[in-house]
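Q: Residue numbers (this note's numbering): 1453 to 1789.
Where a beta carbon is used, it is the ideal one built from N, C-alpha and C, also for glycine.
The structure under discussion is supplied below as structure tokens; questions concerning it will follow.
Here's what the structure looks like:
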């Protein structure tokens, strides 16, 4: 009987220890105006976030960019501050299972399988975007989350959102800034099918927002400037111009990457894939032209090429060429060299 009581006592103590551990390590869900933060974040729809956030730093995207507006969710995030970080990191790292993603793709290609696909909105995307909204609002206040975000940069399925999160937080330590180069370790597509090169471009453009504080990435960016992937090379040109890459080495390579002659006008007869490729090529040209303009007088020998591009079929390229030439002729540049 005594042994039985001891066993029950030990079992009870073990349960108390487990309960205390679970309680102590539970995720906090702070309250703002009588509602939990998770409720506010559940109402975020992700407009203007995620890949769209690249619009403000990617000169190759010609669509208008609208910063996320002030909402109750953003007010709640600012009110609870760093108490929200554990929840935000978890939301940022949520991924959809491969089975659900496969069913969604199957339903898109073959409507007969539509009933098998998960119904309702993409809750994984919504949760990722709610975390990004929060990091956008908190900015440097969310610096304590950086050590938990950095490992996500090497994972294909989390590299994109982790990159945007760090761009929003704007780390001050150079080591944290250069952690964005970890995305280059991603060598396979993510679950949505996005190529590693697309993720590399995001990381490169995010690095460019740190200006000279990201100068430690210049050797890597010089390598990627010579990439056979046009998107990676063009993004690297933009980053090097903003960070302060050596113009005597960068400008000649940019000129090599520009078209030697004007393309023929677009036609409606082109296939959708051909039109998409043309669009991407045009974006790359705009990036390269933008980078030349950022170098100011250091790119003066690029003026003849820019003059030729002022008669290019695409209006956005013509405008970019005129603006770049004006910067060069005005002897201006964005980065001190």
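Going along the chain, which residues of its own chain have a beta-carbon closer than 8 Å to the beta-carbon of residue 1546, five neighbours each way excluded?
A: If we look at residue 1546 and ignore the five residues flanking it on each side, its Cβ neighbours are 1576, 1579, 1580.
Q: Indicate the three-state DSSP secondary structure (helix, strand or coil) for residue 1492 in the structure shown.
A: In this structure, residue 1492 counts as helix in the three-state DSSP scheme.
Q: Rounded to a whole number of angstroms, what is the C-alpha to C-alpha distance between residue 1659 and residue 1535?
A: Roughly 28 Å separates the two Cα atoms.
Q: Going by CA-CA distance only, name the one from 1691, 1661, 1680, 1781 that's closest to residue 1671.
A: Minimum Cα distance to residue 1671 is reached at 1691.
Q: Using CA coordinates, which residue listed in 1771, 1540, 1739, 1779 is at the minimum distance from residue 1657?
A: Among 1771, 1540, 1739, 1779, the Cα nearest to that of residue 1657 belongs to 1739.
Q: Quick check on residue 1616: buried or exposed, where buried means 16 or more other Cβ atoms within 10 Å of its Cβ?
A: Buried, by the Cβ-count rule.
Q: Any idea which residues DSSP pairs residue 1487 with across the strands?
A: DSSP output for residue 1487 lists 1484 as bridge partner(s).
Q: Rounded to a whole number of angstroms, what is the C-alpha to C-alpha distance between residue 1686 and residue 1481?
A: Approximately 43 Å, taken between the alpha carbons.
Q: Does the distance from the CB of residue 1585 to the CB of residue 1525 come in under 8 Å?
A: Against a cut-off of 8 Å, the Cβ pair of residue 1525 and residue 1585 comes out as a contact.
Q: Given that a residue counts as buried once 16 or more other Cβ atoms are within 10 Å of its Cβ, and exposed if not, what is residue 1697?
A: Buried, by the Cβ-count rule.
Q: Could you check where the alpha helix (DSSP H) with residue 1746 kicks off and where it finishes?
A: Counting along the chain, the alpha helix (DSSP H) containing residue 1746 begins and ends at 1724-1746.
Q: Where do the N-terminal and C-terminal ends of the alpha helix (DSSP H) with residue 1584 fall, by residue?
A: Its alpha helix (DSSP H) spans residues 1575-1590.
Q: What runs of the beta strand (DSSP E), each 3 residues or longer, lie entirely inside the stretch 1628-1696?
A: The stretch 1628-1696 contains no whole beta strand (DSSP E) run of 3 or more residues.
Q: For residue 1705 versus residue 1741, is the C-beta spacing smaller than 8 Å?
A: Taking 8 Å as the Cβ cut-off, residue 1705 and residue 1741 do not qualify as a contacting pair.
Q: Rounded to the nearest angstrom, what separates residue 1511 and residue 1767 at their Cα positions?
A: Each residue's alpha carbon lies about 14 Å from the other.
Q: Does the beta-carbon of residue 1708 have 16 or more other beta-carbons within 10 angstroms, so that it is buried, or is it exposed?
A: Counting Cβ neighbours within 10 Å, residue 1708 comes out exposed, since fewer than 16 surround it.
Q: Under the three-state reduction of DSSP, which class applies to residue 1625: helix, strand or coil?
A: Of the three classes helix, strand and coil, the one that applies to residue 1625 here is coil, per DSSP.
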